[in-house]
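Residue numbers (our numbering): 802 to 963.
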Ligand SMILES: [Zn+2]
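See below:
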């Protein structure tokens, strides 16, 4: 026995326990869309919490100053790194890539870095829609009690921006 739509008599595809709607005339689609919006809101909320939790784990490993510096670099330096990779990376020899990348990022004057920092805060810049605004993540991390680096990282001193 196959079900049909009460509005347009097209065949329906029931998939218990999920609600059924008609793809031809959108019969009963409102409750389904409402449920989808509710699930997306819950997922969005939980993904934001997951990012804060991941930041806390990062702070436990790298220490609060290192994690704050990383998040600040996302707002202030990632643009320069991306621009270098788009425009200049193909002209640099592979063994000089990291030095050239660091040089390109470090060439940004301090006032521009500060402008980017302020603009990121005003624009509530974030990695993507699943992430909280980066400045909120930085405030969260700054309040955590992990001042010391929690993990032994060989060659840590040669890593950029720590
Ligand atoms: Zn229908």
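Note that the Cβ used here is the ideal one computed from N, Cα and C, for glycine as well.
| task | Output the distance between the C-alpha atoms of residue 819 and residue 855, rounded to the nearest integer angstrom. | result | 33 Å
| Own chain residues within Cβ distance below 7 Å of residue 839, not counting five before or after | none
| said: Tell me the rounded alpha-carbon separation between residue 905 and residue 865. | reply: 26 Å
| said: Using C-beta distances below 6 Å, list every residue in its chain close to residue 861, excluding the 5 sequence neighbours before and after it, in chain order. | reply: 947, 951
| Strand pairing of residue 805, partner residues [DSSP] | 812
| request: Report the three-state DSSP secondary structure of residue 832 (helix, strand or coil). | output: helix
| request: Alpha carbon to alpha carbon, how far is residue 863 from residue 944? Give it in angstroms, no decimals. | output: 15 Å
| field | Same chain, Cβ closer than 6 Å to residue 931, neighbours up to 5 away in sequence not counted | value | 848
| Local Cβ density within 10 Å of residue 881, reported as buried at 16 or more and exposed below that | buried
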